[in-house]
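A quick write-up on the structure given underneath.
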Amino acid sequence: MNSIVYLLLLLIINDKWTIFVYSTPVYYDDCGNGEIKSIDIEPCHSLPCHFEKGERANVTIIFQPKQKSNYLRVHSTLRTGGLFDYQIKVTDEDPEVCQSSNSNRKNWGKIKCPVLPGNTYTFKVSRIFPASTTWNMFRYSKIQLLNEYGEIVVCCDWHLEFNRASNDNKMLYVQNANNSSLSF
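Residues 667 to 850 (our numbering) make up the sequence shown, in order.
Below you can see the structure in the form of structure tokens.
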């Protein structure tokens, strides 16, 4: 099932600061049972999202689980897609989804567990994309939320593109003799 999340522009104004937060519609495939309601990537100014190696992105997932879980952990991979579908594991800075009662742990973006079927939850994860991506090789990121038994509670593939060659987070276009653009 292909889905799209709508563009959000949040403008925060106070007496000293004006902050623009951009997030863009992200196409994704729900590889679970329709638990995903939306995925929001920030910063992402156009589709597909382009990330330089080492760049940080905030991923917000709104989901509605079909089963109760006392514990959730995020598991992510980068995938090439296609016939051979090579993938590598992405290590998120803090893969724990549930809030901790330990005051020394960060609770930014976390949810209160247990999660119950039918309720809607918003989870946020901040990630730095790995340096091992080359020349737009990786086309998808698979994100799974696993319960205490290692079972998949939520699963989605979102479409992305990486570009190590450019300096402005855009695709690198090279003009050939016929004036057609080639993207790398």
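Backbone N, C-alpha and C fix where the C-beta goes; we use that ideal spot for every residue, glycine too.
{"Query": "Under 8 Å between the Cβ atoms of ARG745 and LYS790?", "Result": "no"}
{"Query": "Less than 8 Å between the beta carbons of TYR635 and HIS825, yes or no?", "Result": "Since the first residue of the chain shown is 667 and the last is 850, residue 635 is not available in this structure."}
{"Query": "Find the nearest neighbour of LYS729 within the set LEU749, GLY748, TYR815 and ASN699, judged by alpha-carbon distance.", "Result": "Looking at the sequence shown, residue 729 is not Lys but Phe. When each option's Cα is compared against that of PHE729, the closest is ASN699."}
{"Query": "If you draw a straight line from the alpha carbon of VAL820 to that of PRO761, how long is it in whole angstroms?", "Result": "14 Å"}
{"Query": "Can you tell me whether VAL763 is helix, strand or coil according to DSSP?", "Result": "coil"}
{"Query": "Identify whether LYS776 lies in helix, strand or coil by the three-state DSSP scheme.", "Result": "coil"}
{"Query": "Pick from LEU782, PRO780, VAL781 and VAL763: whose alpha carbon is nearest that of ASN773?", "Result": "VAL763"}
{"Query": "What does LYS745 pair with, by DSSP beta-bridge criteria?", "Result": "The sequence shown places Arg at residue 745, not Lys. Note: ARG745 sits in a beta bridge opposite GLN753 and TYR806."}
{"Query": "Can you list, in chain order, the residues of its chain whose CB lies under 8 Å from that of TYR787, leaving out five sequence neighbours each side?", "Result": "ILE728, PHE729, GLN730, PRO731, ILE777 and VAL781"}
{"Query": "Run the CB neighbour count on TYR806, radius 10 Å, all protein chains shown included, and call it buried at 16 or more, exposed below.", "Result": "buried"}
{"Query": "Can you give the Cα-Cα distance for ARG722 and PHE795, rounded to whole angstroms?", "Result": "6 Å"}
{"Query": "Near ASN813, which residues of its chain fall below 7 Å by C-beta distance, leaving aside the five closest residues on each side in sequence?", "Result": "SER735, TYR737, LEU738 and VAL819"}
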